[in-house]
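Okay, structure first, notes after.
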Amino acid sequence: MSNTTELSPAIYRIRVAVPVHLYDCFDYQVSAEQYAQAAVGARVSVSFGRQNLVGLITEKLPLDAPLDSRFKLKAITELLDDHAILDEQILNLVKWSASYYQFPIGEVMHSAIPTLLRQGKPYNLLALTWKIIDQKAEDKLKRSLKQQDAYKILKLHPHGTAETILNWSGVETATLKALEKKDIIHCELEPQNFSPEPVQLAQMPLTANDEQKVAIQSIVKSLKKYQAFLLDGLTGSGKTEVYLQAMYEVLKQGKQVLVLVPEIGLTPQTVSRFQSRFHCNIALLHSGLNDSKRLQAWQHAQTGKASIIIGTRSALFTPMPNLGLIILDEEHDLSFKQHEGFRYHARDVAMYRAHLQKCPIVLGSATPSIDSFHLAQLGKLSRLELNHRAGGAIMPKMHLIDLKIAKKQHGISETLIKEIQDRLDKKEQVLIFLNRRGYAPVLICESCAWQANCPHCDAHFTLHKKPYEHLHCHHCGTINRLPDACPQCNQSTLKPIGMGTAKVEESLNELFPNQNIVRVDRDSTSRVGSWQKIYDQIHKSEPMILLGTQMLAKGHHFPYVTLVAILDIDSGLLSVDFRATERTAQLIIQVAGRAGRGEKKGEVFLQTLRPDHPLLNTLITKDYRAFAKETLHDREIALLPPCRYAVMLRCESKSQEDNQKFLNEMTQLLRQHSGDLIDIWGPIPAPMERKAGRFQAHVVLLSTERAKLHFYVREWWQQVLFYKPSSMKLTIDVDPQELS
18 MSNTTELSPA
28 IYRIRVAVPV
38 HLYDCFDYQV
48 SAEQYAQAAV
58 GARVSVSFGR
68 QNLVGLITEK
78 LPLDAPLDSR
88 FKLKAITELL
98 DDHAILDEQI
108 LNLVKWSASY
118 YQFPIGEVMH
128 SAIPTLLRQG
138 KPYNLLALTW
148 KIIDQKAEDK
158 LKRSLKQQDA
168 YKILKLHPHG
178 TAETILNWSG
188 VETATLKALE
198 KKDIIHCELE
208 PQNFSPEPVQ
218 LAQMPLTAND
228 EQKVAIQSIV
238 KSLKKYQAFL
248 LDGLTGSGKT
258 EVYLQAMYEV
268 LKQGKQVLVL
278 VPEIGLTPQT
288 VSRFQSRFHC
298 NIALLHSGLN
308 DSKRLQAWQH
318 AQTGKASIII
328 GTRSALFTPM
338 PNLGLIILDE
348 EHDLSFKQHE
358 GFRYHARDVA
368 MYRAHLQKCP
378 IVLGSATPSI
388 DSFHLAQLGK
398 LSRLELNHRA
408 GGAIMPKMHL
418 IDLKIAKKQH
428 GISETLIKEI
438 QDRLDKKEQV
448 LIFLNRRGYA
458 PVLICESCAW
468 QANCPHCDAH
478 FTLHKKPYEH
488 LHCHHCGTIN
498 RLPDACPQCN
508 QSTLKPIGMG
518 TAKVEESLNE
528 LFPNQNIVRV
538 DRDSTSRVGS
548 WQKIYDQIHK
558 SEPMILLGTQ
568 MLAKGHHFPY
578 VTLVAILDID
588 SGLLSVDFRA
598 TERTAQLIIQ
608 VAGRAGRGEK
618 KGEVFLQTLR
628 PDHPLLNTLI
638 TKDYRAFAKE
648 TLHDREIALL
658 PPCRYAVMLR
668 CESKSQEDNQ
678 KFLNEMTQLL
688 RQHSGDLIDI
698 WGPIPAPMER
708 KAGRFQAHVV
718 LLSTERAKLH
728 FYVREWWQQV
738 LFYKPSSMKL
748 TIDVDPQELS
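18 is the number of the first residue of the sequence shown in our numbering; add one for each residue after it.
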């Protein structure tokens, strides 16, 4: 609070980060006893406006701190913790992240704790056990069906039941407390064991080749100090073995290792690899866990019980008292960038956390981002190269198929059909990649050329046939039934155009009857455990065709795949986003890298209408590193990121005119303060101008001086929020990764 007018009397105050979309922390009054008990990083229950919220203490204000007499301080409702649940390092990381990405600190801090703790549940929730003390209480419960049901469930567990298990069974905590008031049940606190387990090898390490040895030794030499590495290794070159051997040196010292993976689908195979190497407690943190399991894993990490913590990007904010190494696998992956709300990039925040912790961080990829290539050139990343596949496996040979002249069946060239059949005859596996789920991307009328477009977005509906025929917009989520006839000309001449994974699956069943065809996309793996079942099936060495989207491209080891086919890569060559070619090149190399990882040689076939495209020719005649060097050189000439730093302001409203008018006014305001230091692009309509019924536009701010860009943008962003109309939605994206 500013505008201080007098010295505070003996009023005890704490500063609290509250989960509201405001950029300040707020002062609350506490008693002398509460002040003595309060710990920075602990939770408190507070009244904020008309709400009761759970906040986190960021500061205990000294008694002589100035007090603004214009405001009457509220007292906190309750101290929820008797100790800090977020340590000093995480608090510093959160403050830095909120400041760097221009996002309210209360919301960032709230996202750093598990859902149950955000709801104000006790820290030792998982240790709360309810037991019956009145064995003949049925007659007392005739008026309450809820209490009767809870009592029956509790009678099945005479030694007590955890509150979380009762909650899963539909028993509410309020019901338990009502029974407790009647002296029918009581609650006990079972001690939890948070002692770390000694780490032992479950199996001996593989023999490292010379390149792997150099990488392992470089990482191990940097333990106990900050050092950032870029592990640039070909697909199948043994990056995981480098991770494992470096991790063992950390674990032997009683330290913890944080391993970040881009998506949930990669966590089961990552866990199994680490479990097969180490006997220790491994905590798994991702959005697929229920709230109780996530809290348990978080507590194991926070107390030091877990030696290895594996998770997706949000695991980055988990407290770990003995963190000794951070590994960020598939560092190039766009999933490490949060695209809604708090738009942080896990790669950059992880590097800052390693800096705070004074520990090494390893960024691993076969196709490093152009940003990481640039950091390596600047000396901010130490580059470690793995240029040979492990076990002597050979990199797959790549072939282009010109779709303009190729004979096709169901959109698949006859050349490719013969190659697939040849591999199946040899009892090998084939991977077919198409980055488009659903049945068909367009439904069109052959009589009048009407197209099934989403009424809310500048996008086509995608036709899906399962679990029933329907039209689905993958941008706003709208679902419509399939029309019986064309809404425009009333003719029954509607035809699906283009291929989605479901339609290709149908075609493959016709081309290869009696073959095992497994589709892997978001639709086919939506059920819990479905992806693990598919993964186990793939590793049985039986002949099959794997068909899927990007889920198949990310770091999976498929030892029996000898042929990879990419059916349509052209859409990635036509995007307005300057990063599209980078993403397309990464996708091609990552998908291609699934072939020939075992004993047999692999081959890759790419179907394209543009076989003369320079990107494709660079990848086939040279390699990804050559492409990356050329791309970085082009970005330097064009003064595009990472050669300049960027901030994007996105604007959304019911009128594009309102967007343009407001953004023009705001950019003029910025120019008055920053002069020529910031290059302003826009305002312009977003590539998808209308989404979910609202119009989108954006402005991109660029500068060669990051500190000055952030200095001017920080003050300007607060002015933008002040002038923003209530009907308009604004988001700020620091270091944006997409122009959509």
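In this text, a Cβ means the ideal position worked out from N, Cα and C, and glycines have one as well.
Residue span of the beta strand (DSSP E) that contains residue i, given as start and end
i      : result
Val47  : Phe43 to Val47
Val459 : Val459 to Cys462
Thr601 : No beta strand (DSSP E) contains Thr601, which is instead part of the alpha helix (DSSP H) from Ala597 to Ala609.
Phe739 : Run containing Phe739: none in the beta strand (DSSP E); it sits in the alpha helix (DSSP H), Arg723 to Tyr740.
His715 : Arg711 to Ser720
Ser382 : Pro377 to Ser382
Lys157 : Neither: Lys157 is in no beta strand (DSSP E) and is coded neither H nor E.
Trp147 : Leu145 to Ile149
Asn497 : Ile496 to Arg498
Val593 : Unbroken run through Val593: none, as it is neither H nor E.
From the options, residue whose alpha carbon lies closest to that of residue i
i      : options                           : result
Asp501 : Cys493, Glu486, Cys490 and His491 : Glu486
Cys465 : Cys503, Gly381 and Gln685         : Cys503
Asn226 : Arg406, Asp346, Ser309 and Ser331 : Arg406
Lys163 : Leu261, Leu196, Trp113 and Pro279 : Leu196
Thr132 : Ala219, Leu78 and Ser304          : Ser304
Tyr662 : Ile461, Ser720, Gly271 and Lys354 : Ser720
Gly66  : Glu180, Thr75 and Leu39           : Leu39
Asp442 : His203, Met561 and Leu97          : Met561
Arg642 : Leu103, Ile387 and Asp365         : Ile387
His574 : Gln624, Leu604 and Val608         : Val608
Val621 : Leu417, Gln68 and Ile701          : Leu417
Chain-order list of residues whose beta-carbon lies under 6 Å from that of residue i (same chain, five-residue window excluded)
i      : result
Ile343 : Leu275, Ala367, Ala371 and Ile378
Lys15  : In the structure as shown, the chain begins at 18 and stops at 757. Residue 15 is therefore absent and cannot be evaluated.
Leu268 : Val216 and Ser324
Gln209 : Ala144
Leu24  : Per-residue confidence for Leu24 stands at a pLDDT of 45, beneath the threshold of 50, marking its modelled position as unreliable; the derived number appears in the next sentence. Within the same chain, Leu24 has no close Cβ partners at all.
Val578 : Gln446, Leu448, Arg611 and Ala612
Ile93  : Tyr45, Val47, Val61 and Val63
Ile130 : none
Ser228 : Residue identity check: residue 228 is Glu in the sequence provided, not Ser. So the qualifying residues of the chain are Leu403.
Whole-number beta carbon distance between residue j and residue i, since they are thought to touch under 8 Å
i      : j      : result
Ala714 : Ala703 : 6 Å
Val61  : Glu95  : 7 Å
Val231 : Leu392 : Contact doesn't hold; Cβ gap of about 20 Å is too wide.
Residue j beta carbon less than 8 Å from that of residue i
i      : j      : result
Val459 : His477 : yes
Leu247 : Pro385 : yes
Glu266 : Leu240 : yes
His127 : Pro36  : yes
Val537 : Leu584 : no
Val581 : Gln554 : no
Cys462 : Ala709 : no
Gly699 : Leu680 : yes
Leu73  : Ala34  : yes
Cys376 : Gly341 : yes
Asn339 : Gly321 : yes
Lys199 : Gly177 : no
Leu193 : Ala167 : yes
Leu97  : Gln754 : no
Ala519 : Lys482 : yes
Ser743 : Lys671 : no
Leu373 : Gln106 : yes
Residue i, enclosing alpha helix (DSSP H) - first and last residue
i      : result
Asn210 : Note, Asn210: premise wrong, no alpha helix (DSSP H); not H, not E.
Asn69  : First-last for Asn69: Gln68 to Leu78, but that is the beta strand (DSSP E), not the alpha helix (DSSP H).
Ala167 : Leu162 to Lys172
Arg536 : Premise fails: Arg536 lies in the beta strand (DSSP E), Ile534 to Val537, not in any alpha helix (DSSP H).
Other residues of its chain near residue i: CB distance less than 7 Å, five sequence neighbours each side excluded
i      : result
Phe101 : A small fix is needed here, since residue 101 is Ala in this sequence, not Phe. Only Ala56, Val57, Gly58 and Ala59 meet the Cβ criterion.
Ile170 : Leu183, Ser186 and Val188
Ile749 : Gln119, Val664, Leu666 and Trp734
Lys256 : Leu248, Gly250, Gly381 and Leu403
Met18  : Bear in mind that a pLDDT of 42 at Met18, under 50, signals an unreliable position, so the model cannot answer this.
Leu70  : Val35, Pro36 and Val63
Phe359 : Tyr118, Phe120, Glu124, Val125 and Ser128
Ile233 : Ala225, Val259, Gln262 and Ala263
8 Å CB neighbourhood of residue i in its chain, flanking five on each side removed
i      : result
Ile434 : Gln426 and Leu528
Leu398 : Ala245, Phe246, Leu247, Leu380, Ser389 and Leu392
Glu76  : Ile31, Arg32, Cys42 and Val57
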